[in-house]
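Trainee: Have a look at this one.
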Amino acid sequence: MHVLGLDGRAALEEYLGLIIPVKRLLATVFSSKLYQYFVAAAPGLKELMTVGKIWYEATREEAGRPCWDAIVVDAPATGHSLQYLRMPQAAREAFGAGLVQREATKITGLLRDRQTTAVHIVTLAEETPVTETLETRTQLVEALGLPLGFVIANRVHRRRFSPAVLERLHAATASPAAERALLACVAERATEESGWASINEAHLGRLRAGIGSAPLVELPFLFVEEFDRSCVEQLARLLEAGVAADSHGAARGRARGSS
Numbered sequence: 055m056h057v058l059g060l061d062g063r064a065a066l067e068e069y070l071g072l073i074i075p076v077k078r079l080l081a082t083v084f085s086s087k088l089y090q091y092f093v094a095a096a097p098g099l100k101e102l103m104t105v106g107k108i109w110y111e112a113t114r115e116e117a118g119r120p121c122w123d124a125i126v127v128d129a130p131a132t133g134h135s136l137q138y139l140r141m142p143q144a145a146r147e148a149f150g151a152g153l154v155q156r157e158a159t160k161i162t163g164l165l166r167d168r169q170t171t172a173v174h175i176v177t178l179a180e181e182t183p184v185t186e187t188l189e190t191r192t193q194l195v196e197a198l199g200l201p202l203g204f205v206i207a208n209r210v211h212r213r214r215f216s217p218a219v220l221e222r223l224h225a226a227t228a229s230p231a232a233e234r235a236l237l238a239c240v241a242e243r244a245t246e247e248s249g250w251a252s253i254n255e256a257h258l259g260r261l262r263a264g265i266g267s268a269p270l271v272e273l274p275f276l277f278v279e280e281f282d283r284s285c286v287e288q289l290a291r292l293l294e295a296g297v298a299a300d301s302h303g304a305a306r307g308r309a310r311g312s313s
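Each residue of the sequence shown is one higher than the last, beginning at 55 in this note's numbering.
Following this line, the structure appears as structure tokens:
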């Protein structure tokens, strides 16, 4: 496993190093004021080069084999991510011909290829995040033509207490004073958790209705004092199980459709 931090300016300089093999000439370009101004002022250039770097790594080969088995991109916030994903198509449309147009076409092709690319959305089962997720889905699928992967609802509260249990808890707060404070605290926390479960259930319904055929994976809220490696491993197992369950379901659906 390898980790790489992406920077648009560094990606541009790496790209220029590939097409300008003369180091002295390359150093002259990098040190020129015109180049410095161009990099700072050109709209969308850093975004385009960042996505271009991802394309380069995804298609790079050594000894006739892909360098990487898979590439996972941890994208920034939704608005900024959409800006990155729009840039190759915008560059392709802006430049009718030439090097930029050709490179942007290659990048766009990779992003739209359902065999190699999927855009996964991580959200919360709450009003504003779900609304933003549905708007993002529209932009990704309908405006940009990109393949939507999994929608992952994080920090989901499960219903742990029935209304009858909550009633008994609140009724028990009339017990002797020594126990009353503890029972009142338990009843309050149980009611709060049930409230969050109701909120999450409602917005998960909105989410399912709005994402169409895209698979939804739910990850639970973990009640831990410190979020450590064991928590990451637990969520990773749950995520893997959710992805595997959807894959098996899709395979069964294809088998029924072909029988």
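C-beta: ideal position from N, C-alpha, C; glycine also.
Please give me, in chain order, every unbroken run of the alpha helix (DSSP H) with length at least 4 that falls completely inside the segment 138-226.
Mentor: Fully enclosed alpha helix (DSSP H) runs of 4 or longer: 153-166, 181-191 and 217-225.
Trainee: According to DSSP, is Glu-317 part of a helix, a strand, or is it coil?
Mentor: The structure shown has nothing for residue 317, since the chain only spans 55 to 313.
Trainee: Report the partner residues of Pro-274 according to the DSSP bridge assignment.
Mentor: Position 220 of the sequence shown, counted from the start, is the residue given in the question as residue 274. Partner(s): Val-210.
Trainee: Could you tell me whether the segment 225-244 touches the segment 259-268, using the rule of 3 or more Cβ pairs below 8 Å?
Mentor: Result no; under three Cβ-Cβ pairs closer than 8 Å.
Trainee: Measure the C-alpha to C-alpha separation of Gly-203 and Gly-71 and round it to an integer number of angstroms.
Mentor: By one-based count along the sequence shown, residue 203 stands at place 149. By one-based count along the sequence shown, residue 71 stands at place 17. Answer to the nearest angstrom: the Cα atoms are 34 Å apart.
Trainee: Which residues share a DSSP beta bridge with Arg-119?
Mentor: For the purposes of this step, residue 119 is identified with residue 65 of the sequence shown, where counting begins at 1. Partner(s): Glu-116.
Trainee: Report the rounded CA-to-CA distance for Glu-247 versus Asn-254, giving the unit in angstroms.
Mentor: Position 193 of the sequence shown, counting from 1, holds the residue named residue 247. Position 200 of the sequence shown, counting from 1, holds the residue named residue 254. Going from the Cα of Glu-247 to the Cα of Asn-254 covers about 11 Å.
Trainee: By how many angstroms is the C-alpha of Glu-67 removed from the C-alpha of Ala-81?
Mentor: Counting from 1 along the sequence shown, the entry for residue 81 is found at position 27. Counting from 1 along the sequence shown, the entry for residue 67 is found at position 13. Straight-line Cα distance between these residues: approximately 10 Å.
Trainee: Rounded to whole angstroms, what's the CA-CA distance from Leu-188 to Arg-283? Just pull it up for me.
Mentor: Locating residue 188 in the sequence shown gives position 134, counting from the first residue. Locating residue 283 in the sequence shown gives position 229, counting from the first residue. Rounded to whole angstroms, Leu-188 to Arg-283 spans 31 Å at the Cα level.
Trainee: Between which two residues does the alpha helix (DSSP H) containing Ser-85 stretch?
Mentor: To locate residue 85, count along the sequence shown from 1; it is residue 31. Its alpha helix (DSSP H) spans residues 77-85.
Trainee: Out of curiosity, what's the CA-to-CA distance linking Val-219 and Phe-275?
Mentor: The residue given as residue 219 occupies position 165 in the sequence shown. The residue given as residue 275 occupies position 221 in the sequence shown. Going from the Cα of Val-219 to the Cα of Phe-275 covers about 21 Å.
Trainee: Under 8 Å, with one C-beta from each stretch per pair, do the segment 112-129 and the segment 142-157 reach the 3-pair mark?
Mentor: In short, these stretches do not touch, since the Cβ pair count stays below three.
Trainee: Looking at the unbroken alpha helix (DSSP H) that takes in Leu-70, where does it start and where does it end?
Mentor: Start at 1 with the first residue of the sequence shown, and residue 70 comes out as number 16. Taken as a continuous stretch (DSSP letters only), the alpha helix (DSSP H) holding Leu-70 covers 62-73.
Trainee: Suppose the cutoff is 6 Å on Cβ atoms and the five residues either side in sequence are ignored; what does the same chain contact list for Ala-65 look like?
Mentor: Stepping through the sequence shown from its first residue, residue 65 is reached at position 11. Around Ala-65: Met-103, Thr-104 and Lys-107.
Trainee: Just to check my reading of the structure: Leu-165 and Leu-200 have Cβ atoms closer than 8 Å, yes? What is that Cβ distance to the nearest angstrom?
Mentor: Taking the sequence shown and counting its residues from 1, one reaches residue 165 at position 111. Taking the sequence shown and counting its residues from 1, one reaches residue 200 at position 146. Sure, about 6 Å apart at Cβ, within 8 Å.
Trainee: Please check the pair Leu-315 and Gly-62, which I expect to be a contact at CB under 8 Å, by giving their CB distance rounded to whole angstroms.
Mentor: What is shown of the chain runs 55 to 313, which leaves residue 315 out entirely.
Trainee: Taking Cβ positions, are Ala-251 and Arg-209 nearer each other than 8 Å?
Mentor: Taking the first residue of the sequence shown as 1, we reach residue 251 at position 197. Taking the first residue of the sequence shown as 1, we reach residue 209 at position 155. No. Outside cutoff.
Trainee: Name the residue from Glu-280, Leu-270 and Tyr-110 whose alpha carbon lies nearest to the alpha carbon of Ala-299.
Mentor: Here residue 299 refers to the residue found at position 245 of the sequence shown. Comparing Cα-Cα distances from Ala-299 to each of Glu-280, Leu-270 and Tyr-110, the minimum goes to Leu-270.
Trainee: To the nearest whole angstrom, what separates the beta carbons of His-257 and Ala-179, a pair I think is in contact under 8 Å?
Mentor: Working through the sequence shown from its first residue, we reach residue 257 at position 203. Working through the sequence shown from its first residue, we reach residue 179 at position 125. Confirmed, about 5 Å.
Trainee: When you compare the CB positions of Ala-207 and Glu-272, do they come within less than 8 Å of one another, or not?
Mentor: Translated into the one-based positions of the sequence shown, residue 207 becomes position 153. Translated into the one-based positions of the sequence shown, residue 272 becomes position 218. Taking 8 Å as the Cβ cut-off, Ala-207 and Glu-272 qualify as a contacting pair.
Trainee: Taking buried to mean at least 16 other C-beta atoms within 10 Å of its own C-beta, is Tyr-138 buried or exposed?
Mentor: Position 84 of the sequence shown, counted from the first residue, corresponds to residue 138. Result: buried.
Trainee: Can you tell me whether Ala-298 is helix, strand or coil according to DSSP?
Mentor: Looking up residue 298 in the sequence shown gives position 244. In this structure, Ala-298 counts as helix in the three-state DSSP scheme.
Trainee: If the criterion is Cβ atoms closer than 8 Å, does the pair Leu-198 and Arg-156 meet it?
Mentor: Here residue 198 corresponds to residue number 144 of the sequence shown, with the count starting at 1. Here residue 156 corresponds to residue number 102 of the sequence shown, with the count starting at 1. No, the Cβ-Cβ distance between Leu-198 and Arg-156 is not below 8 Å.
Trainee: Tell whether a beta-carbon distance below 8 Å holds between Pro-183 and Thr-190.
Mentor: As a position in the sequence shown, residue 183 is number 129, starting the count at 1. As a position in the sequence shown, residue 190 is number 136, starting the count at 1. Taking 8 Å as the Cβ cut-off, Pro-183 and Thr-190 do not qualify as a contacting pair.
Trainee: So Ile-161 packs on Trp-109, CB below 8 Å; how close in whole Å?
Mentor: Mapped onto the sequence shown, residue 161 falls at position 107. Mapped onto the sequence shown, residue 109 falls at position 55. At roughly 5 Å, the Cβ-Cβ gap stays under 8 Å, so Ile-161 and Trp-109 are in contact.
Trainee: Buried or exposed for Gln-90, going by 16 or more other Cβ atoms inside 10 Å?
Mentor: As a position in the sequence shown, residue 90 is number 36, starting the count at 1. Exposed.
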